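S.K.: Please read through the structure below; I'll follow up with questions.
Protein chains in written order, with our numbering: chain X, 17 to 371; chain V, 17 to 371; chain U, 17 to 371; chain F, 17 to 371.
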């Protein structure tokens, strides 16, 4: 596994910068014979696409995907699937300030420290625009795990959480926040609007659930399903925390309260609870696989923040470019994609070893 | 990277079961010429070793490590370092119940679902005993990153947290809880004793900090330092959550509050805060690298829990074998080891690409 | 390392089919700050390009490379370099026969046996056209190992070998055969013309030498420099044999005749011979690294050969499409590329471990 | 894949030096439920074991293997299988000369150039003794591919080849040379005896055939079955060449002579010849998979050879330690092991992708 590749058997490699001509992904190891077309991938990209509401960046990108290889007569051939998305709305001039000073909280300084220089246009490789390539690859992964349903939603924005009692899956795609609680969505509209107008930003928590995962996917000890999910989610821009099942809350429970008791069922054991988030010993249990992901507020804010120049002088920087007031919102389809990519890989790995 | 191997250039592979003759690790890719001996590794194993206080499992294991290869005249040769630890105190009879019923919350059912059967003695490969091999490998990693200091501590047990105002690094090794707050340590003594006597168990939160990491380690996008740390920590038994820097709390901050402003310093930029936990864009910033890890309460409790047999019948199981009342306590040296292993790998990866 | 990826730290992934819209490579792990442009890559592609003489396939492809990512202001940034080459002259109609019968010696049957179906247009993924992507990636690799000079030539066509006494490096690029022996080049003109006109094909042997490789690249035991070179060369279409140094001839020498005696030199040991091809114990010795590669005659011939249809019926097939009468000729720049790719990876690996 | 690990899904890692306390292999990714015991592995080690005739090194090693993990109740559990072989007959004093001067043709100088120093006892990690670990791992691989039969033999020693007309598989284990031609075996007895008494050494060519490999194992383009075999065989000590099928001879055939024509058969296509060695496009065709491997004469000879000291002074060295007069002989069981290891990995990879 190299710097820009993820997966063990079902693998994808992404490439591209925010303001280069294009970005893309190469998906390798995909089983042959699966139906796949650009039309099947595009809807996933459209959910992540910027510029669809005033609550996301105003950069206008059609994010139209092209399949350049690996598909013949509408079916995957088993050879690498090359996916390309052209960058259209680049406006590089917006980013001239970024060349002259490090944006605190962004990767600017770290890239310079590592590589000696950087592509400063829109964050270059560190831009969240890369997640479009993941979402495209994730759409391929979904074809590999047709038995699994994956659904992500936003649980909390700026500390304002949904009420679990109001959870309604139908709502998720009915508002611009992927919010399953209609009342919370109304509150968030005000909240995010305020942040947007103030040039501020808000953090968010995204939850994701995969149902239909059979018991037995995952492996000890460094290919554990939860370990892979943690790596996948923590690799997304702005993510600072990952929980499986009850996560940090489990650390405050007793063994009795945290027990996932079982009873016989017609189709294998039934569990009375799912504190574990569908994973035990790194292997799926047949229950829904659950992950929660914390997105920090983006560091692109209008308030000037003290910083330094590449030359080492003190200065201030305010981020005037287009950006998301709450980057976690568009994180929901990205977390879904990472869940799909991990599960597809684990399915094939399981098949490799256990037939 | 395979099932039981971790790392990209500095890699280790662990093997062994709780009740087999031995367990161990093979460390590959270690730079040559580093001083290494069994005496240098043993102290790290001794910190993790069970049976040292009444707050850990009473299994008595000397955990004496042998170096079988890769060291000549007291120095690493650059070839694989094979580390072996013999199992001494196995008492397999304690585990006969485990063969007859799945322990809820343990890997028993998941292993059977995956592999068709399992080594049920002490959890087999899923036992936390495997972490001894990680700690031994971690001691080798420390020799690779001599410029880095790593320190882990327990921040919370059973929901009872330390008071940051009382943080005293000297305390960490002065009590059986790796607790930096002397007063919290006193409270935990009562708390863990109660749980132990009741045959119950408690969760815990472990924090770990690495200082001395230069800016520039890590890489986009799937070899991000935070992604690697998340994978490493989530692969530890009983871990259900990982945070970098402010973690989930960052999701409740505004962009202004979360900003890590910089000013010029004599030795590169100085940061006014470290919300990011020393990592931006997946690359170290030169600040302390900080991770927090949630351990669930172990599922080994005396209270009978409803479960099923491998044959599918309803039954109950109570865990009478020796176990840790709070497995997170001994997690502290394990998290330290994983931090060292990730950083050693990232150091070498950085050297590979950036000279 | 996955199906279509090669390398450990400096890695490349290729994608694309003979008759798809494009093919390409993603190069990951490239050091930052190296000068790179399309103009620097194109000459290597031009050497491999078809249609430049009557001795290669008449498919006319400009093989113009585009850099889509990883380069900023004319220098590599350290992020993935995406290289794309559009297919222009596809004439898919030529290949309708191939859909109806397996071409013996080609991958047709094997692909169907593996994947259940195949992209039959021009061999799909199994086409030698994929080697364009390798050559593009190889040009990037050369920038990584500027201290090394790599030169390949054709040593033998159809059993007619060069005379080592006539070896003249200047000749290599002075004829369409990459032949260092001007007289042999004249003979080959006749030989290959005959084969071409008869619709037959010829095998060839390509030699490649890298000078300037310092002692110390490579590693025991499964990252040996010779093992990597063997894998790299054997992965090229039509290759059936690989030799390092004296290769099979060494198996007929005594230990005395095969000895590479050393004497002191001003710049490390001097070797009196180089039977070993510059590699001992899998690690470079500082002598020229030498590899020889056997290319079979392409199976695309006009003579009808008995075969079967996908349905299992007996038939015959003659290959009328455009093809190389001696595919080994254009193998020379491909072997050069693979040598560069392996050495770049080994250089970075050595730097990772040995600083 | 790291320095001392081979394979993608079915992977093994070897460790150990010639004169350390032990050597071994960790096999990861083995399917669960396979019968495995030390008794099943030992016969393969016994075939490779030194000291069994006067034609091999006189070092006396029982090469008794211990299984330390991954097997429970006589079956593989799916977790890592740790195999250990203790070194018994080490006589380190024999190798004092080697510390003081580089043996030409050995890895001595290359190791020093790479690592700065080396374990000079018996060649340390570069000793052919490491192949014992491969053979043990190979025995596990055989259990994974029970449908495949693998047989290697020596085809040529010191330039004296077997007569294919005399090929008798029964003979292979009936003489100390793994020679299928009884008359050649008699000649070799004289030949090798002469070399042994003269303190000289001879090269050899080993052939290996796997029958029962179904069509469809292998993958484009860098996981090609032939590419993997080439890497595997070239990683064996003293190997300088690898051929698949007709190998270098194919480079001298025309396309007509090299054609592997097919006709319908009851069980898939029948092939009229097998020039390709059972592999087309990197994927198995269902025919026997054939590889030939060239072993150089060992560089350990009694005749003094000019060399240099680590300090750079001129000297001579003669190798007086115990060694094989023809290291290729014991190469036969090692090539078999590598064939088994590659095929096991490819079988599981095929299952991963193609179900």
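Glycine included, each C-beta is placed from N, C-alpha and C at the ideal position.
Here the structure is a predicted model, which means the values were calculated and not measured.
1. Which chain V residues sit within Cβ distance under 8 Å of residue 371 of chain U?
2. Less than 8 Å between CB atoms is the rule here; does residue 20 of chain X satisfy it with respect to chain U?
3. Does any residue of chain V have a CB that is nearer than 8 Å to the CB of residue 50 of chain U?
4. Could you tell me whether any Cβ in chain C is nearer than 8 Å to the Cβ of residue 301 of chain F?
5. Note the first and the last residue of the continuous beta strand (DSSP E) segment covering residue 257 of chain V.
6. Which term fits residue 300 of chain V, buried or exposed, when burial requires 16 or more other beta carbons within 10 angstroms of its beta carbon?
7. State the Cα-Cα distance for the pair residue 243 of chain X and residue 275 of chain F, rounded to the nearest angstrom.
8. Can you find a C-beta in chain V that's less than 8 Å from the C-beta of residue 101 of chain X?
9. Spatial neighbours of residue 116 of chain F within its chain, please: CB distance less than 7 Å, with the 5 preceding and 5 following residues excluded, ordered by chain position.
10. So, is residue 163 of chain U buried or exposed, given that buried needs 16 or more other C-beta atoms within 10 angstroms?
11. Excluding sequence positions up to five away, which residues of its chain have a Cβ less than 7 Å from the Cβ of residue 27 of chain F?
12. Find the residues of chain V that neighbour residue 135 of chain F, judging by a C-beta separation of less than 7 Å, and give them in chain order.
13. By the criterion of Cβ-Cβ separation under 8 Å, what are the contact partners of residue 236 of chain U in chain V?
14. Residue 116 of chain X lies in the beta strand (DSSP E); which residues open and close that run?
15. State yes or no: is the beta carbon of residue 149 of chain V nearer than 8 Å to at least one beta carbon in chain F?
16. Compute the distance between the beta-carbons of residue 49 of chain V and residue 95 of chain V, then report whether it is under 8 Å.
17. Pull up the DSSP beta-bridge partners for residue 300 of chain U, would you.
18. Considering Cα atoms alone, identify which of U:75, U:32, U:154 is closest to residue 61 of chain U.
19. In three-state DSSP terms, what is residue 335 of chain V?
20. Grab me the residues of residue 266 of chain V's own chain with a C-beta within less than 7 Å of its C-beta, minus the 5 sequence neighbours each way, in chain order.
21. From residue 183 of chain F to residue 196 of chain F, what distance separates their C-alpha atoms?
22. Rounding to the nearest angstrom, what Cα-Cα distance links residue 32 of chain U and residue 147 of chain U in this structure?
23. Evaluate residue 17 of chain X with the Cβ neighbour count: other Cβ atoms within 10 Å of its Cβ, from every protein chain shown; 16 or more gives buried, anything less gives exposed.
24. By Cβ distance, which residues of its chain are closer than 6 Å to residue 309 of chain X, with the 5 residues on each side in sequence left out?
25. On the criterion of 16 or more Cβ atoms from any shown chain inside 10 Å, does residue 206 of chain F qualify as buried, or is it exposed?
26. Would you report the Cα separation of residue 69 of chain X and residue 329 of chain X, rounded to the nearest angstrom?
27. Could you tell me whether the stretch 128-145 of chain F touches the stretch 172-190 of chain F, where touching means 3 or more Cβ pairs closer than 8 Å?
28. Starting from the Cα of residue 66 of chain X, find the closest Cα among X:179, X:341, X:298 and give me that residue.
29. Smallest Cα separation from residue 174 of chain X: which of X:354, X:349, X:368, X:345?
30. If you measure beta-carbon to beta-carbon, which residues of the stretch 336-347 of chain F are closer than 8 Å to chain U?
31. Compute the beta-carbon to beta-carbon distance between residue 317 of chain U and residue 86 of chain F, rounded to the nearest angstrom, for a pair I have assumed lies under 8 Å.
32. Which of the residues in the stretch 120-135 of chain U, read from start to end, lie with their CB under 9 Å from any CB of chain X?
33. Are the beta-carbon atoms belonging to residue 194 of chain U and residue 157 of chain U less than 8 Å from one another?
34. To test your reading of the DSSP string, which unbroken beta strand (DSSP E) runs of 3 or more residues are found completely within the stretch 201-248 of chain V?
35. Kindly indicate if chain X contains any beta-carbon less than 8 Å away from that of residue 53 of chain U.
36. Within 10 Å of its beta-carbon, does residue 240 of chain F have 16 or more other beta-carbons around it, so buried, or fewer, so exposed?
M.R.: Short version:
1. Residues of chain V whose Cβ lies closer than 8 Å to the Cβ of residue 371 of chain U are, in chain order, 47, 367.
2. Yes, its Cβ sits closer than 8 Å to a Cβ of chain U.
3. Closer than 8 Å: no.
4. This model lacks chain C altogether, as its protein chains are X, V, U and F.
5. Counting along the chain, the beta strand (DSSP E) containing residue 257 of chain V begins and ends at 255-260.
6. By the 10 Å Cβ count, residue 300 of chain V comes out buried.
7. Whole-angstrom Cα-Cα distance: 50 Å.
8. No, no contact with chain V.
9. Contacts found: 325.
10. Taking every protein chain shown into account, the CB of residue 163 of chain U has fewer than 16 other CB atoms within 10 angstroms, so this residue is exposed.
11. Excluding positions up to five away in sequence, the list reads 21, 44, 45.
12. By Cβ distance, chain V contributes 88, 93.
13. Identification of chain V residues near residue 236 of chain U by a Cβ-Cβ cut-off of 8 Å yields 95, ordered along the chain.
14. Membership of residue 116 of chain X in any beta strand (DSSP E) is not indicated; the residue belongs instead to the alpha helix (DSSP H) covering 112-116.
15. Taking Cβ atoms only, chain F never reaches closer than 8 Å to residue 149 of chain V, which makes this a no.
16. Using a Cβ distance threshold of 8 Å, residue 49 of chain V and residue 95 of chain V do not count as a contacting pair.
17. Residue 300 of chain U is bridged by DSSP to U:295.
18. Ranking U:75, U:32, U:154 by Cα distance to residue 61 of chain U puts U:154 first.
19. In this structure, residue 335 of chain V counts as coil in the three-state DSSP scheme.
20. Correct list, in chain order: 274, 291.
21. Taking the CA atoms as reference points, residue 183 of chain F sits about 5 Å from residue 196 of chain F.
22. Using only the alpha carbons, I get a separation of about 10 Å.
23. Confidence in residue 17 of chain X is poor, its pLDDT being 47 and thus under 50, which makes the residue's placement unreliable; the coordinate value appears in the next sentence. Its Cβ being crowded by 16 or more others within 10 Å, residue 17 of chain X is buried.
24. Here the set comprises 222, 249, 255, 258, 351.
25. Classification of residue 206 of chain F: exposed, given that the 10 Å Cβ count is below 16.
26. Those two C-alpha atoms are separated by around 38 Å.
27. Judged by Cβ distances under 8 Å, the stretch 128-145 of chain F makes no contact with the stretch 172-190 of chain F, as fewer than three pairs qualify.
28. For the set X:179, X:341, X:298, the Cα lying nearest the Cα of residue 66 of chain X is the one of X:341.
29. Ranking the options by Cα distance to residue 174 of chain X, first place goes to X:345.
30. Of all residues in the stretch 336-347 of chain F, 344 have a Cβ within less than 8 Å of some Cβ in chain U.
31. Rounded, the Cβ-Cβ distance is 51 Å, inconsistent with contact.
32. Those would be 127, 130, 131, 132, 133, 134, 135, in chain order.
33. The Cβ atoms of residue 194 of chain U and residue 157 of chain U do not sit closer than 8 Å to each other.
34. Fully enclosed beta strand (DSSP E) runs of 3 or longer: 220-227.
35. Residue 53 of chain U does not count as touching chain X.
36. Buried, by the Cβ-count rule.
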